[in-house]
Amino acid sequence: MRWTQTYIPTLRQRQTEAELISHQLLLRGGYIRKLASGIYLYLPLMQRVIDKFADIVREEMNAKGAIEIHMSVLCPAEIWQATGRYLSVGKEQMRMKDRHDHEFVMCGTHEETVTTLIKGEVKSYRQLPMNLYQIQVKFRDEIRPRFGLMRGREFIMKDAYTFDATQESFDESYGKMVDAYYRIFKRAGMDTVKVESDTGAMGGRAAHEFMFLVDTNAGEEIVLICDKCGYAANVEKAEFRDTVKIDTKAEMKAMETVDTPGAATIEEVTAFLNVKAHQLVKTLLYMADQKPVAALVRGDRDVNEIKLKNTLGAIEVELATPTQIEEYTGAPVGFAGPVGLKNVPLIVDPLVAKLRNFIVGANANEKHIINVNLDRDFKATKVVDISLARGGDGCPKCNATLDAKNAIEVGNTFQLGTKYSDSLGAKFLDAEGKEQPIIMGSYGIGITRTPQAVLEKYHDEKGIIWPQSIAPYLVEIIPLSVENQAQVDTAERLYKELTEAGIEVLVDDRDERPGVKFNDADLIGLPMRVTIGDKSLKQGKIELKARSEDKVELVDVDKVVAAIRELAERLN
Ligand code: ATP
Ligand code: MG
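Structure representation (structure tokens):
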């Protein structure tokens, strides 16, 4: 391709809208443009990157026996009502009505559609297992679209769906996808960690996420990892072993209300009463689908809102407002407590249940109660783990310690069980002729998110450094002056030779100063650069340089193909 015949609008200035380096580079490199919040246009270079990554995904999916299809973006709302997700997905789902006033949803995922597709057609265990996938655009009205392609409202996903007759068969299908995922991300230049994750609105039995660990703030996710036994989980899901020493057998003392003037936060109360944070209990008031509920965790811990939401089976859980807190507890923020709290269910963390003689808010301004004990002084509606794990906590599976790491989720796999086949009636006849619901799995990969995520690692201060596997072209050829016929001829000759050898080339044939061309070459980040200048050309040579190295190699014009092949081998 010639630069003047394609469209690569590079930008010199830093783009203020882009917080992440990867987003910044895609904008400045002329890869993407924003049309509206969370809605991006993919320019020619980006389109090539997406195609390259999608092809890797296709190859690995096909190798596992998955079959590519294409499903519609629109889906009649009734199917989503049948599975209950019309309600549970809520505002993230884009919805619209057609001219007949018939409601449709714009799919953010396709479990409903694919189950409808196979139901009634896949009737016998002999037709199973089966794995259908597509690479297609998705719509989600994300609450916080940001970071360019990382969290868009319109984006491309590879989504696959497996259908199995037995649990053993499902486990095999799931294992194949996990294996394919490791291979896909590895080929795109990233090592990923598979972590346990929450099943969220997807439902089902269990789920895993494929995480790309990053040092930057690009990671919207936090994962907890045990280096010793390999336990790894998203913080939303993570369990932990508490390491605080507690005297669980201490004698219960008499409960007493004390004045705590000016002390409302954990820090203020612990300082005022001269106690440790773990001797306090936080009572946090939430609104779960518009109903109040109190979450009690130890003073040194935070509430894991996903665990709370799951235990309540709620669609939406959010912290109560100061007005709501006053309404339900009779006290301003900071003084809520379980003793005497009426009409509010109490969800109590097991670490609280173990405590003796703890301190809680007294539901009165500037007052706390000391020497409180569960069961004696108040009853829990439910005792269940709602604590957020954190780095430094004990590993739940061994005696080592958990590390917290920032990560970008690039893919995930869900064990759906029979949630969708039950609600939509996708059944098959087993070998004994008995009707059974099909066991399903669902598997997503961010086709637009992943290539951007790669850039969080593959860049330097000058720009992008693509891994060869997903680079838009392998080589950029730069004739230093397009006024110089010998240079232009050599560029044309190499363009032809390389292309014939199956090497993808971009020739910067613009009438620009060498400095401009070099800067743009570093910015767009093709893995190799061939520079054609007068001095070396007089000796029959060009300069070959890897984007990731400083070293420049002089190569005979006749031997460029071989030299590029050798360099490609070495860079891999
Ligand atoms: P997240 O937790 O990041 O919102 P998710 O759990 O909603 O992701 P899935 O529904 O399983 O993700 O989607 C599968 C894959 O699609 C994700 O692993 C991610 O790579 C990609 N993806 C999800 N949401 C977006 C988005 N808003 N923009 C770009 N890619 C996305
Ligand atoms: Mg999401």
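Start counting the sequence shown at 516; every next residue gets the next number (my numbering).
Even for Gly, the Cβ is constructed at its ideal location relative to N, Cα and C.
Owing to the predicted nature of the structure, the values given are computational and were not obtained by experimental measurement.
Distance between E950 and V848, taken at the CA atoms: about 56 Å. Scanning the stretch 814-898 from its first residue to its last, the whole alpha helix (DSSP H) runs of 4-plus residues come out as 820-827, 837-844 and 865-868. Secondary structure of D757 (DSSP, three-state): coil. DSSP places H723 in no alpha helix (DSSP H) but in the uninterrupted beta strand (DSSP E) bounded by A721 to L728.
In this chain, the alpha helix (DSSP H) harbouring G1030 covers P1029 to I1039. For T624, the shortest C-beta to heavy atom distance toward the ligand ATP is below 7 Å. The C-beta distance from L1052 to A1001 rounds to 6 Å, short enough to fall under 8 Å. Counting only unbroken stretches of 3 or more residues, the beta strand (DSSP E) elements lying wholly within the stretch 578-629 are 589-591, 609-612 and 618-621, in sequence order. Rounded to whole angstroms, the gap between the alpha carbons of G961 and L856 is 46 Å.
In this structure, R1044 has its CB at a distance of at least 7 Å from all heavy atoms of the ligand ATP.
Every beta strand (DSSP E) stretch that sits fully inside the stretch 956-1025 and reaches 3 residues is listed by chain position as 990-994 and 1020-1022. The beta-bridge partner set that DSSP reports for E924 consists of M726. Remark: the C-beta of G667 is in contact range of the ligand ATP, defined as less than 7 Å to any heavy atom. In this structure the stretch 686-702 does not lie against the stretch 902-911, because fewer than three pairs of beta carbons, one per stretch, are closer than 8 Å.
For the set L870, G715 and G544, the Cα lying nearest the Cα of L827 is the one of G715.
For V1076, the enclosing alpha helix (DSSP H) begins and ends at V1075 to L1086.
CA-to-CA, the gap between G906 and D918 works out to about 5 Å. N858 sits exposed, since fewer than 16 C-beta atoms from the chains shown fall within 10 Å of its C-beta.
Apart from the 5 residues on each side of it in sequence, A877 sits with its Cβ closer than 7 Å to the Cβ of T772, F850, G852, H883 and I884 in its chain, given in chain order.
Apart from the 5 residues on each side of it in sequence, L540 sits with its Cβ closer than 7 Å to the Cβ of L970, H974, G978 and I979 in its chain, given in chain order. Apart from sequence neighbours up to five positions away, the residues of its chain that approach V990 with a beta-carbon distance below 8 Å are L1013, I1018, E1019, V1020, L1021, L1041, P1042, M1043, R1044, V1045 and I1079, ordered along the chain. Proximity of the stretch 536-556 to the stretch 659-666 meets the contact definition, three or more beta-carbon pairs being nearer than 8 Å. When DSSP reads this structure, Y557 sits in a beta bridge with I547. The alpha-carbon of K638 is positioned some 4 Å away from that of F943. Contact between the stretch 549-569 and the stretch 594-612 is absent: fewer than 3 CB-CB pairs across the two stretches fall below 8 Å.
Taking a cut-off of 8 Å for Cβ pairs, the stretch 722-737 and the stretch 1004-1012 do not touch, as fewer than three such pairs fall below it. Separation of the CB atoms of S957 and T630 is rounded to 10 Å, and the pair is thereby denied contact status at 8 Å.
Relative to the ligand ATP, M672 has its C-beta within less than 7 Å of a heavy atom. Under DSSP, the beta-bridge partners assigned to P952 are K942. Between the stretch 815-827 and the stretch 783-802, the count of C-beta pairs closer than 8 Å reaches three or more; the two stretches touch.
In this structure, D1023 is the residue among V1075, D1023 and V1072 with its C-alpha nearest to the C-alpha of T519. Annotated as distal: F755 and F725, with beta-carbon spacing of 8 Å or more. Annotation for T963 indicates a beta carbon within 7 Å of some heavy atom of the ligand ATP. Contact between the stretch 759-769 and the stretch 912-932 is not established, with fewer than three Cβ pairs separated by less than 8 Å. Straight across, the Cα-Cα distance linking N999 with V652 is about 46 Å.
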